[in-house]
Amino acid sequence: MPLLEIRDLTVRFAAGKGEARIIDGLDVRVGQGEMLAIVGESGSGKSVTALSIMGLLPEQARVGRESRILFDGVDLLTLSPAAMRARRGKEIAMIFQDPMSSLDPCYTIGDQLIETLRAHQRVSRAEAWRQAVALLKQVRLAEPERRMKQYPHQLSGGMCQRVMIAMALITHPRLLIADEPTTAVDVTLQAQILALLRELNQQMGITIIMITHDLGVVAELCQRVLVMYAGGCVEYSGVEALFRQPRHPYTLGLMNSRPTLARIGQTLTPIEGNPPDLARRQPGCQFAARCPQAMPVCRHDAPALNPVADDHWTACFLAEKKAP
Ligand code: SF4
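First residue of the sequence shown: 29, per the numbering used here; consecutive thereafter.
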């Protein structure tokens, strides 16, 4: 049984007099100990997927009646707010892109870590302090005892990101969702944070969902990739297969638009056009307006996610033609 299984997830938001279908029938499976990347441009639905798993969608969001988010076999969408809160802190944790906005500026790092720990475990303050310092050491924060007494504004962005990771780990979660955790830090820190996440996955067995728009991060870190476009999955496979032979024109477009060492001196090719307005979805393939290979059928029929090779699925009529 996968640790996390999302079935037919649909999330709608009010938009003017109508509504926008931000997530549109998404299916995801994440095995125990796996590291899955969810990739896509801004507005593709990556972060809304994460917030759905965390039970942190804003009140106006409407989740489809058929939707299921099974964590260890339990449908999180059926839990009471209190039960979800308990599970969220203890078994599922999330780190956000901007650590400064997630830490409380009025409390020291130590107070915030200790309060989080004691909300989930009956331990003395002294024991909570000891565990918090050990965690700060584990996430390689220098001078942890001193940091415990400091406020967030006294730490650099990279240090705050490490504190956020420590905060997420304090209750030993089984699933960690990292939403663009390296976007706000420089390249050196990015490498250190990615190495830390890899260590957490390999040494502690924590299952990780990495949400990113950066295919370089995916190649370096993850075993499996789910590519999202307009709230749906357009490609899903192991990392090697995806980089060796991307089967969806959108995935290919993402790859061609990123700088790599192999392309030094070459012109990058951005994906033309903009993502669709999800409040005014057109029939057919949602990528058709930007797809250089679109065919007449793409404008009225929506391609299903179909297997195109072992352990590799794509939602594109072209890939269906080429499938073995
Ligand atoms: Fe392009 Fe058609 Fe494939 Fe959509 S289904 S990605 S429009 S070729």
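C-beta atoms are modelled at their ideal positions from N, C-alpha and C, and glycine is treated no differently. Since the structure is predicted, the reported quantities are computational estimates derived from the model, not experimental observations.
- If you count every other CB in all the chains shown that lies within 10 Å of the CB of T342, and 16 or more means buried, which is it? Taking every protein chain shown into account, the CB of T342 has 16 or more other CB atoms within 10 angstroms, so this residue is buried.
- Query: Is it true that the CB of A162 sits closer than 9 Å to the CB of M176?
  - Reply: Not a contact, by the Cβ cut-off of 9 Å.
- Message: Using a Cβ distance threshold of 8 Å, determine whether the stretch 256-274 contacts the stretch 220-234, with at least three qualifying pairs required.
- Response: No, because fewer than three Cβ pairs between the stretch 256-274 and the stretch 220-234 fall closer than 8 Å, the two stretches do not touch.
- Message: If you measure between the beta carbons of I237 and A269, is that distance less than 9 Å?
- Response: Annotated as distal: I237 and A269, with beta-carbon spacing of 9 Å or more.
- Item | Residues bridged to R35 (per DSSP) | DSSP, once it has assigned bridges, lists R96 as partnering R35.
- Are A337 and Q314 touching if we call contact CB-CB under 9 Å? Not a contact, by the Cβ cut-off of 9 Å.
- Message: According to DSSP, is T106 part of a helix, a strand, or is it coil?
- Response: Correct three-state label for T106: helix.
- May I ask which residues mark the beginning and end of the beta strand (DSSP E) holding H340? Run containing H340: 340-342, per the beta strand (DSSP E) assignment.
- Message: According to DSSP, simplified to helix, strand and coil, what is Y264?
- Response: Per DSSP, reduced to three states, the secondary structure at Y264 is strand.
- Mapping DSSP to helix, strand and coil, what is E119? The three-state secondary structure of E119, taken from DSSP, is coil.
- Which stretch, first to last residue, makes up the beta strand (DSSP E) that contains L254? For L254, the uninterrupted beta strand (DSSP E) run begins and ends at 252-257, by DSSP.
- What does a CB cutoff of less than 7 Å around H148 pick up in its chain, not counting 5 residues either side in sequence? Within the same chain, Cβ atoms closer than 7 Å to the Cβ of H148 are found at G117, K118, T199, the five residues on either side in sequence being excluded.
- Message: Please report the straight-line C-alpha distance between C134 and P277, rounded to a whole angstrom.
- Response: Going by the C-alpha atoms only, they are around 48 Å apart.
- Item | Local conformation of T151 per DSSP, three classes | This sequence places Val at residue 151; Thr is not what is there. Coil, per DSSP.
- Task: For Q182, count neighbouring C-beta atoms within 10 Å of its own C-beta (all shown protein chains included) and say buried if the count is 16 or more, exposed if not.
- Result: By the neighbour-count rule (16 or more Cβ atoms within 10 Å), Q182 is not buried but exposed.
- Task: Put P304 into one of helix, strand or coil per three-state DSSP.
- Result: Here P304 carries a coil assignment [DSSP, helix/strand/coil].
- Query: Between D36, P30, L32, L31, which lies nearest to L333 when the distance is taken from Cα to Cα?
  - Reply: It is D36 whose Cα lies nearest to the Cα of L333.
- Query: Hey, is M323 close to ligand 1, as in C-beta under 8 Å from one of its heavy atoms?
  - Reply: Relative to the non-hydrogen atoms of ligand 1, the Cβ of M323 comes within a distance shorter than 8 Å of at least one.
- Determine the extent of the beta strand (DSSP E) in which M63 is found, giving its start and end residues. Residues 63-67.
- Could you check which residue in F345, M195, D339 has the C-alpha nearest to that of M323? Out of F345, M195, D339, the CA that lies nearest to the CA of M323 is found in F345.
- Quick one: give me the first and last residue of the beta strand (DSSP E) that T235 is part of. In this chain, the beta strand (DSSP E) harbouring T235 covers 235-240.
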